[in-house]
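There are 2 protein chains.
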Amino acid sequence: MTTTPGSPARRGRPGYDLESLLQVAVRLFNERGYDGTSMEDLSRKLGITKSAIYHHVPSKQELLRLAVDRALGGLFAVAAETEGIEGRAIDRLEHLVRGSVLVLVEQLPFVTLLLRVRGNTKVERAALARRREFDRIVTELVKQAETEGDVRPDIDPAVTSRLLFGMVNSLTEWYRPRRGSSPAELAEAVSKIAFDGLRLPPQPASA
Amino acid sequence: MTTTPGSPARRGRPGYDLESLLQVAVRLFNERGYDGTSMEDLSRKLGITKSAIYHHVPSKQELLRLAVDRALGGLFAVAAETEGIEGRAIDRLEHLVRGSVLVLVEQLPFVTLLLRVRGNTKVERAALARRREFDRIVTELVKQAETEGDVRPDIDPAVTSRLLFGMVNSLTEWYRPRRGSSPAELAEAVSKIAFDGLRLPPQPASA
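Just so you know, the sequences run in chain order A and B.
First residue of the first sequence: 1, per UniProt numbering; consecutive thereafter.
First residue of the second sequence: 1, per UniProt numbering; consecutive thereafter.
Here is the structure:
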């Protein structure tokens with residue numbers, strides 16, 4: 001067992017590293033809105049001084065940047081994986097949808113914050129630009145799958161991709177971990193509904 | 001031509017009735033958040049005094065109530081129509097989905113505000129309770145359609161209904177009137193994807 005002599009003053013006081021500080025900040029941003037949360041609010045919530053926060057990060061905007069970068073990093077990692085899959089575009093699209101559901105569930109508060117970003121600061125505008133880039137990747141896959149005859153051609157690919165990710169992103173509104181479906185079940189549910197629909201074909205009467 | 005003697009002082013100043021005042025208030029709430037908008041902000045935006053606003057409505061909360069009631073009124077009117085449709089539950093569900101898309105598009109700013117309500121005031125808690133009631137109507141229709149063998153039984157009906165309306169509600173995030181699809185095309189697109197899926201069945205090779 002290791003003891004840490006010389007630091008008794010820290011006992012009984014919460015210790016934060018950048019990671020745990022970020023977790024609390026993101027939760028607060030999601031509750032009160034990024035604009036509505038001050039470093040003062042954060043310092044009260046953490047029970048540490050503002051200068052203790054500034055020891056870890058230079059600004060509130062930097063906390064936002066770290067948070068949205070984590071969400072975007074997860075989503076773009078899935079998009080990169082997707083590119084490596086040989087074969088049909090519809091299979092890549094399905095991989096992207098399933099992988100995105102898993103990222104959303106794993107990084108729920110981070111993606112929730114990303115999806116609420118409105119573009120008032122440099123960090124927010126950069127995040128919005130990367131979201132548009134991700135949307136373009138999805139739309140391109142839909143177009144390609146349509147050209148290959150695997151996706152219905154009767155809906156504008158931009159509309160299809162927005163509806164598809166509208167369904168995926170809705171998870172941030174209603175999914176609560178530790179209740180109901182597992183991440184894998186959710187990915188399966190989204191994929192089934194999106195690709196094959198809710199409707200069961202009429203069964204031939206057995207008589 | 002009618003002249004209005006005695007009111008020259010009003011000329012060149014915007015005149016608001018409750019409806020136009022509500023429209024501006026809802027736009028402002030959506031831009032800055034309901035909590036983040038004061039009656040002072042609203043009076044500046046309208047270019048009229050606060051007491052001129054209070055001539056129309058007693059409080060900010062009353063503006064919110066009027067706005068979310070309009071959105072909920074539209075959605076529940078569709079739900080009531082749906083109940084009157086005879087036959088299979090899947091047809092009622094499809095009617096509810098299509099009708100909800102049309103309400104969202106027609107009442108876009110009002111439904112956008114409704115979907116952002118978080119429950120800090122009495123009006124917000126009442127709106128959330130009615131949203132849950134609407135969700136229960138959707139879930140019941142999904143369950144019934146499943147019992148009738150028309151909807152895939154391999155996904156929890158509560159998850160199915162949340163994904164379905166996740167897709168519908170996403171319109172408030174990306175649909176812009178006067179650009180792209182018409183409301184009827186959108187309702188058709190949502191319905192096709194939700195009920196029949198994106199995937200086209202493999203075509204028999206013609207050689």
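Glycine included, each C-beta is placed from N, C-alpha and C at the ideal position.
Remember, predicted model here, so these are calculated numbers, not experimental data.
Review point. Given that S181 (chain B) touches chain A, what residues does it touch there, using C-beta distances under 8 Å?
Key: D156, V159
Check your understanding: On the three-pair Cβ rule with 8 Å, is the region 169-186 of chain B touching the region 175-193 of chain A?
Key -> no
Practice item. Give a yes or no on whether the minimum CB-CB distance between G99 (chain A) and chain B is below 7 Å. Key: no
Review point. Under a three-way DSSP split, which group does V26 (chain A) fall into?
Key: helix
Exercise for review: Report the neighbours of R152 (chain B) on chain A: residues whose CB is nearer than 9 Å to its CB, in chain order.
Suggested key: K192, I193, D196, G197, L198, R199, L200
Point to revise | Inter-residue Cα distance where the pair is T160 (chain A) and T49 (chain B) | key: 46 Å
Point to revise | Inter-residue CB distance, F134 (chain A) and F76 (chain A) (contact presumed, cutoff 8 Å) | key: 7 Å
Practice item. Would you mind telling me which residues of chain A sit closer than 8 Å to residue 238 (chain B), beta carbon to beta carbon, in chain order? Key: Given that chain B is displayed from residue 1 to residue 207, the structure contains no residue 238 (chain B) and the question cannot be resolved.
Point to revise | Exposure of E148 (chain B), with buried meaning 16 or more beta-carbon neighbours within 10 Å | key: exposed
Practice item. Return the chain-ordered ranges of every alpha helix (DSSP H) run that is complete within the region 57-98 of chain B and spans a minimum of 4 residues. Key: 60-83
Check your understanding: Is the CB of L163 (chain B) under 7 Å away from at least one CB in chain A?
Key -> yes
Check your understanding: Where does S59 (chain A) land, buried or exposed, given buried means 16+ other C-beta within 10 angstroms?
Key -> exposed
Point to revise | Bridge partner(s) assigned by DSSP for V151 (chain B) | key: A:R199
Check your understanding: The alpha helix (DSSP H) spanning N169 (chain B) covers which residue range?
Key -> 157-169
Exercise for review: Return the CA-CA distance between D91 (chain A) and I137 (chain A), expressed in angstroms with no decimal places.
Suggested key: 14 Å
Review point. If contact means a Cβ-Cβ distance below 9 Å, which residues of the UniProt domain "HTH tetR-type" (15-75) of chain B contact chain A?
Key: E31, R32, G33, D35, G36
Review point. So which residues of chain B does A189 (chain A) contact, with C-beta pairs closer than 9 Å?
Key: D154, I155, D156, V159, T160, L163
Review point. Which term fits D150 (chain A), buried or exposed, when burial requires 16 or more other beta carbons within 10 angstroms of its beta carbon?
Key: buried
Exercise for review: For chain A, find out if any of its Cβ atoms is closer than 7 Å to the Cβ of G166 (chain B); answer yes or no.
Suggested key: yes
Review point. Under the three-state reduction of DSSP, which class applies to T121 (chain A): helix, strand or coil?
Key: coil
**Study point:** Reference L115 (chain B); option with closest CA among B:L128, B:L141, B:P202
**Key:** B:L128
Review point. Going by the beta-carbon positions, is the gap between H95 (chain B) and T112 (chain B) smaller than 7 Å?
Key: no
Exercise for review: List the endpoints of the continuous alpha helix (DSSP H) containing R116 (chain A).
Suggested key: 108-116
Check your understanding: Interface residues of chain A around V137 (chain B) at Cβ under 9 Å?
Key -> Here residue 137 (chain B) turns out to be Ile, not Val, going by the sequence shown. None at all; the shortest Cβ gap to chain A is about 16 Å.
**Study point:** Residue environment, P202 (chain A), which counts as buried when at least 16 other CB atoms sit within 10 Å
**Key:** exposed
Point to revise | Classification of Y54 (chain B) by the beta-carbon crowding that lies within 10 angstroms, buried from 16 upward | key: exposed
Check your understanding: Taking three-plus beta-carbon pairs below 8 Å as touching, is the region 34-52 of chain B in contact with the region 95-106 of chain B?
Key -> no
**Study point:** 7 Å CB neighbourhood of L22 (chain B) in its chain, flanking five on each side removed
**Key:** L63, L66, A67
Check your understanding: Excluding five sequence neighbours on each side, which residues of the same chain lie with their C-beta closer than 8 Å to the C-beta of V24 (chain B)?
Key -> Y16, L42, K45, L46
**Study point:** Close beta carbons around N120 (chain A), own chain, < 8 Å, minus the five adjacent residues each side
**Key:** D35
Check your understanding: So, is S170 (chain B) buried or exposed, given that buried needs 16 or more other C-beta atoms within 10 angstroms?
Key -> buried
Review point. Can you check whether the CB of V101 (chain B) is closer than 7 Å to the CB of V168 (chain B)?
Key: yes
Review point. What's the C-alpha gap between R70 (chain B) and R88 (chain B)?
Key: 29 Å
Exercise for review: Inspect the beta-carbon positions of P157 (chain A) and K143 (chain A) and report whether they are closer than 7 Å.
Suggested key: yes
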